[in-house]
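**Student:** Got a structure for you, questions after.
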Amino acid sequence: MGGIGIVNNPRSRRNRRDPRLGERLRARLGDAGEVIDAATPDELDRAVERFRARGVDVLGIGGGDGTAHVVLSAFADAYGDAPLPQILLLRAGAMNTVAHGNAIRGSPEAILRAVLARRQQGIPLATVERDLLRVEADGIATRHGFIFGTGAVVAFLEAYYATGRPSPLTAGLLLARSVGSALVRGPFAASLTRRDPLRVWSDGEEWSDARYLALVAGSTPDIGFGFRAFHRCSEQPGSFHAVGVTASPLQIALALPRIRAGRPWKRRHAQDEVARELRVEGDGLRFTVDGDLYGPARAVRISTGPGVELVVP
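So, in structure tokens, the structure goes:
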């Protein structure tokens, strides 16, 4: 049957602020597809089953990074080795880092309107190819996403969520506070940058022993706020960019313009490699996948997952 199937998360930031968004997406989509609200695991399972049976060729996701991570994990598990539909990120969440990093702009309705116009005119959709990351903690609970992080990345997200006001403005203000604190070696930056000893293997080779400020990996260029920390993510098909940050908070603060521009990491700041597998061991390891927090775990394996085509309206 084909068509567009949209999994809409009523609990996403955009939906909570605008409860009628789902209705407008349904009206806009018309008979070109279907919108299913999914706020629970059971509802998501039913959406996966229905859209897979229908054979949708475009899977829309009405939420942000966290919603997309959960939805893509469910679809990747269900599809197995079968190709996933093209993915349409509708930017309806508090964090839309993956969409932003792949030049997907506009409101959910504007994005859907542009896609429908191209399909009605018989014009192929423009896409960018990415590989999902497959993340396993202690050998179980496989998750899929585009960005993995530990250390300071987790500490920043915990401080962000603790504000109770998740939004791009809140995140921007928190980042500015972090940078300011780092420049004066203040206590706030220190609270976000505790170093834990980790053992890290990239494609079977162990990295030199270090206490990392953060360990991150991405299959999309942008780690947030336009900072292209994973500029090598497309260097080799079926791989991702892994970075072990060893720099001080002050060094990172001073290097932000360089990171934003997607320039190579300096050796004294980080170890970075293109890899197909990254294994991490530590005590009480907390980590994030696309902004969602997990752990504690003893061992985490990050590997290349299924490839996807992200629709760029």
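Numbering of the sequence shown is given in full-length UniProt numbering, commencing with residue 1 and proceeding in unit increments. For every residue, glycine included, the Cβ atom is placed at its ideal position computed from N, Cα and C. Small disclaimer: the values here were computed from a predicted structure and weren't measured.
Could you tell me which of R11, G93, R119, L175 sits nearest to G226, measuring between CA atoms?
**Tutor:** Answer by Cα proximity: L175.
**Student:** From which residue to which residue does the alpha helix (DSSP H) around R177 run?
**Tutor:** Taken as a continuous stretch (DSSP letters only), the alpha helix (DSSP H) holding R177 covers 168 to 183.
**Student:** If we ignore side chains and look at the alpha-carbon of each, how far apart do Q271 and T150 end up?
**Tutor:** So the alpha carbons of these two residues sit roughly 15 Å apart.
**Student:** Excluding the 5 residues preceding and the 5 following F75 in the sequence, name in chain order all residues of the same chain whose CB lies nearer than 7 Å to its CB.
**Tutor:** Answer for F75: V48, L59, L84, listed in chain order.
**Student:** Could you give the uninterrupted runs of the beta strand (DSSP E) lying entirely in the segment 231 to 283, keeping only those of 3 residues or more?
**Tutor:** Complete beta strand (DSSP E) runs here, min 3: 240 to 245, 270 to 275.
**Student:** Could you check which residue in T220, G63, A94, A214 has the C-alpha nearest to that of A247?
**Tutor:** Closest option to A247, Cα to Cα, is A214.
**Student:** Could you give the C-beta distance for G3 and A32, rounded to a whole number, given that I count them as a contact under 8 Å?
**Tutor:** With 8 Å as the limit, G3 and A32 qualify as a contact, their Cβ atoms being about 6 Å apart.
**Student:** Which word fits G218, buried or exposed, when buried means at least 16 other C-beta atoms lie within 10 angstroms of its C-beta?
**Tutor:** Per the 10 Å Cβ criterion, buried.
**Student:** Assuming contact is defined by CB atoms lying nearer than 8 Å, are A68 and D290 in contact in what I supplied?
**Tutor:** In contact: A68 and D290 (Cβ atoms closer than 8 Å).
**Student:** Opposite Q86 in the DSSP bridges: which residues?
**Tutor:** DSSP, once it has assigned bridges, lists V58 as partnering Q86.
**Student:** Which same chain residues end up closer than 7 Å to A242 when comparing Cβ atoms and leaving out the 5 residues on each side of it in sequence?
**Tutor:** S202, A217, D272, E273, A275, L278, listed in sequence order.
**Student:** Could you check whether the Cβ of A261 sits closer than 8 Å to any Cβ belonging to chain B?
**Tutor:** Among the chains of the structure shown, chain B does not appear; only one protein chain is present.
**Student:** If you count every other CB in all the chains shown that lies within 10 Å of the CB of R194, and 16 or more means buried, which is it?
**Tutor:** With fewer than 16 Cβ atoms within 10 Å of its Cβ, R194 is classed as exposed.
**Student:** Count the CB pairs spanning the segment 121 to 134 and the segment 221 to 241 that are closer than 8 Å, and state whether there are at least three.
**Tutor:** Flag = yes, the segment 121 to 134 and the segment 221 to 241 touch.
**Student:** Report the residue from R199, R113, V70, T170 whose alpha carbon sits nearest the alpha carbon of V135.
**Tutor:** Answer by Cα proximity: V70.
**Student:** Span of the alpha helix (DSSP H) holding D65?
**Tutor:** Element bounds for D65: 65 to 79.
**Student:** Name the DSSP bridge partner or partners of Y294?
**Tutor:** Note: Y294 sits in a beta bridge opposite F287.
**Student:** Assign L215 to one of three DSSP states: helix, strand, or coil.
**Tutor:** Correct three-state label for L215: strand.
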